[in-house]
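>
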Amino acid sequence: MPVITADELHRTAKYFMDSGKAASHVEAMTILESFSLSIRVSDSIASSALEQSALFTLVNLASRTLLGGVEVVGAPDSIATSSLYDGRNIRDVVIELGGKHASAHDELSKRPVALIGDATAAPDSAPQWRLTWSGWRGGVVMEGHARLDEQRAIGLAPVLASAVCAAEVFAFLSKTHTLAGRRSAGLSLWNPEMDWRINSDEPELKYLPASLWLIGLGNLGQAYAWAIAALDFPKAEKAKLMLQDTDRIGVSNHSTSLLSYPVDVGKKKTRVVATWLEERGFDTTLEERLFGDWSRRTMSEPGVALCGVDNAEARAALDAAGFGLVVEAGLGAGLDSFQSVGIHAFPASRSSGLIWGRQIGQSNPTFRNAPAYASLAEDGMDECGLVQLASRTIAVPFVGLFAGCLAVSEVLRRLHSGPTIEVLSVSALAIADAEVVWSMDAGPYAFGFVHAKEPVEPGAVPS
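Letter by letter, the sequence shown follows residues 81 to 543 of my numbering.
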């Protein structure tokens with residue numbers, strides 16, 4: 081009997097299977113189990129919601145991919161103020177998200193290190209990245225290099241920094257980029273083409289969307305939910321969210337999707353995501369039908385959609401559904417593209433039907449002939465199971481969250497009369513090389529807003 085099915089496959093292990101770096105599924109998992117990370121935090125995290133958001137996000141991302149373990153050194157026994165886990169004990173959240181606690185004395189040497197705040201660098205380790213952010217910008221610098229101010233930033237900035245850090249750590253451990261572990265990396269969400277280390281006249285965050293429609297609640301959809309929850313909504317007035325999906329959570333979703341856990345297997349994705357969001361004060365409505373060319377928005381429903389589905393039929397139907405604005409994200413799937421992100425915003429110069437209509441019926445490339453699949457055949461997997469397994473896409477959670485930050489920031493920029501995109505293309509392996517086609521005729525944002533809460537000065541006690 082086969083030891084793995086398509087629905088159980090760890091989607092990052094598939095990279096090592098398809099590339100030939102692993103001769104079997106067991107060997108691919110062994111590689112992931114050799115990957116680990118140590119996160120060091122400083123005392124300031126007890127009073128910094130931004131540092132807490134960075135910690136929670138990085139633990140959540142890394143624990144799903146680096147199966148050798150994610151340890152946190154210095155997490156305080158105090159209550160979080162980050163909107164992601166407001167009111168929860170920081171140490172408890174770390175455990176819930178898949179991390180474990182360690183002291184500096186117990187910390188394993190030679191494993192990569194991520195530093196948050198003024199955390200002291202480890203004396204003996206592999207590369208050490210320091211997460212840093214300011215305004216609408218976030219990323220990592222190598223320890224000892226100049227940081228951003230990290231004092232005032234939108235809620236997405238530390239989330240972005242964590243996604244970038246996870247990408248760099250994975251690239252270093254998997255040897256997918258020769259500069260990983262020796263370079264800085266980051267992005268400006270206000271202007272992705274600008275140098276992220278420079279303030280490009282980005283505004284204070286004042287407005288947030290009053291309502292959004294999330295189409296698809298897999299890797300991307302759950303990344304949207306995480307990014308939205310990290311924003312600076314006032315407690316009494318958060319966005320109304322329409323959640324649309326038909327699927328149930330499977331075993332493999334834990335490897336890609338930030339709100340999916342083994343305990344949730346078999347549950348409707350809409351229900352799991354709604355529960356998580358409602359615990360944070362959001363008002364949710366569920367739509368458990370497929371999205372397609374029959375879908376129509378009514379006037380009382382959100383006028384802005386964030387789309388995160390991976391089938392051409394649904395994407396081709398986006399223009400006709402009656403939304404005033406659609407921001408759509410797509411992720412690469414193959415060996416050379418699984419860390420790539422494409423963002424489209426509609427209305428645009430080309431319709432969604434024109435872009436994706438010709439892709440309907442096309443399938444993903446298959447690596448059925450790679451040695452790992454021959455190993456599974458020897459273990460007794462039939463041809464149908466092998467084809468299903470080979471057809472699954474490679475996926476990593478940090479790329480989904482990177483795309484989620486880009487998609488949500490497009491809405492935020494439009495709320496603040498900033499530059500608007502039609503198309504954006506970037507890879508998590510080369511963030512500095514983002515390519516943007518700017519929209520020339522985007523009108524004012526007319527879909528409702530709420531005022532963002534006033535930022536809390538570092539060290540101050542939030543009201």
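Even glycine gets a Cβ: it sits at the ideal position worked out from N, Cα and C. Here the structure is a predicted model, which is why all the values come from computation and not from measurement.
Quick one: Cα of Ser519 to Cα of Val491, how far?
Taking the sequence shown and counting its residues from 1, one reaches residue 519 at position 439. Taking the sequence shown and counting its residues from 1, one reaches residue 491 at position 411. Whole-angstrom Cα-Cα distance: 13 Å.
> Can you give the beta carbon distance from Glu317 to Val530, rounded, assuming they're within the 8 Å contact cut?
The residue you call residue 317 lines up with position 237 of the sequence shown. The residue you call residue 530 lines up with position 450 of the sequence shown. Confirmed, about 5 Å.
> Let me check one thing: in DSSP terms, what residues is Phe426 bridge-paired to?
Here residue 426 corresponds to residue number 346 of the sequence shown, with the count starting at 1. Val406.
> From what residue to what residue does the beta strand (DSSP E) around Ala487 run?
Mapped onto the sequence shown, residue 487 falls at position 407. Taken as a continuous stretch (DSSP letters only), Ala487 belongs to no beta strand (DSSP E), being part of the alpha helix (DSSP H) at 477 to 495.
> Using 8 Å as the threshold, is the C-beta distance between Gly178 and Val121 below it?
Taking the first residue of the sequence shown as 1, we reach residue 178 at position 98. Taking the first residue of the sequence shown as 1, we reach residue 121 at position 41. Cβ distance not < 8 Å, so Gly178 and Val121 don't count as in contact.
> Check Arg171 in the structure and name its three-state DSSP category.
Against the sequence shown, residue 171 aligns to sequence position 91. Three-state DSSP puts Arg171 in a helix.
> Got a sec, what are the start and stop residues for the alpha helix (DSSP H) Thr92 sits in?
Translated into positions along the sequence shown, residue 92 becomes position 12. Per DSSP, Thr92 belongs to no alpha helix (DSSP H) and is neither H nor E.
> By the 10 Å Cβ neighbour count, where 16 or more other Cβ atoms means buried, how is Gln231 classified, buried or exposed?
Within the sequence shown, residue 231 is the residue found at index 151, counting from 1. That one is exposed.
> Could you pull out every residue in the same chain whose Cβ sits closer than 7 Å to the Cβ of Ser264, ignoring the five residues on either side in sequence?
Translated into the one-based positions of the sequence shown, residue 264 becomes position 184. Here the set comprises Gly219, Val220, Val221, Met222, His225.
> State buried or exposed for Val343, treating a residue as buried only when at least 16 other CB atoms are found within 10 Å of its CB.
Within the sequence shown, residue 343 is the residue found at index 263, counting from 1. It counts as exposed.
> Would you mind working out which of Ser429, Arg377, Gly437, Cys485 sits nearest Arg388, comparing C-alpha positions?
Taking the first residue of the sequence shown as position 1, residue 388 is located at position 308. At residue 388 the sequence reads Gly, which differs from the Arg that was named. When each option's Cα is compared against that of Gly388, the closest is Cys485.
> Could you check where the beta strand (DSSP E) with Phe371 kicks off and where it finishes?
As a first step, residue 371 is located in the sequence shown; it is residue number 291 there, counting from the start. Here Phe371 belongs to no beta strand (DSSP E), and DSSP marks it neither H nor E.
> Does DSSP put Tyr525 in a helix, a strand or coil?
Against the sequence shown, residue 525 aligns to sequence position 445. Three-state DSSP puts Tyr525 in coil, outside helix and strand.
> Counting only runs that start and end within the stretch 237 to 278, where is the beta strand (DSSP E) found for 3 or more residues in a row?
Whole beta strand (DSSP E) segments, 3+ residues: 265 to 268.
> Between Val407 and the ligand SAH, is the CB less than 7 Å from at least one heavy atom?
Inclusion of the ligand SAH in the displayed structure is not the case, the ligand content being empty and no account of it being possible.
> Sort Glu367, Leu509, Gly266 by Cα distance to Arg277 and report the nearest one.
Your numbering for residue 277 matches position 197 in the sequence shown. The shortest C-alpha separation from Arg277 is found at Gly266.
> Hey, which unbroken runs of the alpha helix (DSSP H) at 4 residues or more fall wholly within the stretch 288 to 350?
299 to 309, all fully within the stretch 288 to 350.
> Assign Ala129 to one of three DSSP states: helix, strand, or coil.
By one-based count along the sequence shown, residue 129 stands at place 49. Three-state result, Ala129: helix.
> From what residue to what residue does the beta strand (DSSP E) around Leu117 run?
The count along the sequence shown starts at 1 and reaches residue 117 at position 37. Element bounds for Leu117: 117 to 121.
> Please name the residue or residues paired with Ile511 in a DSSP beta bridge.
By one-based count along the sequence shown, residue 511 stands at place 431. DSSP lists no partner for Ile511.
> Which whole-angstrom value is the C-beta distance of Gly301 and Arg328, which I expect to be below 8 Å?
Against the sequence shown, residue 301 aligns to sequence position 221. Against the sequence shown, residue 328 aligns to sequence position 248. About 14 Å; that fails the 8 Å criterion.
> Note down, in chain order, each residue of its chain lying with its Cβ closer than 6 Å to the Cβ of Ala202, except the 5 sequence neighbours on either side.
For the purposes of this step, residue 202 is taken as residue 122 along the sequence shown, with counting starting at 1. For Ala202, where only same-chain residues beyond five positions count, the Cβ hits under 6 Å are Val193.
> What residue ranges within the stretch 371 to 399 form continuous alpha helix (DSSP H) runs of no fewer than 4 residues, ordered along the chain?
Complete alpha helix (DSSP H) runs here, min 4: 392 to 396.
> Alpha carbon to alpha carbon, how far is Pro499 from Gly441? Give it in angstroms, no decimals.
By 1-based counting over the sequence shown, the position of residue 441 is 361. By 1-based counting over the sequence shown, the position of residue 499 is 419. In this prediction, Gly441 has a pLDDT of 49, which is less than 50 and means its spatial position is unreliable; nothing more can be read from the coordinates.
> Just how far apart, CA to CA, sit Ile435 and Ala396?
Position 355 of the sequence shown holds residue 435. Position 316 of the sequence shown holds residue 396. Their Cα atoms are separated by approximately 7 Å.
> Can you have a look at Ser332 and say buried or exposed, based on whether 16 or more other CB atoms are within 10 angstroms of its CB?
Mapped onto the sequence shown, residue 332 falls at position 252. With 16 or more Cβ atoms within 10 Å of its Cβ, Ser332 is classed as buried.
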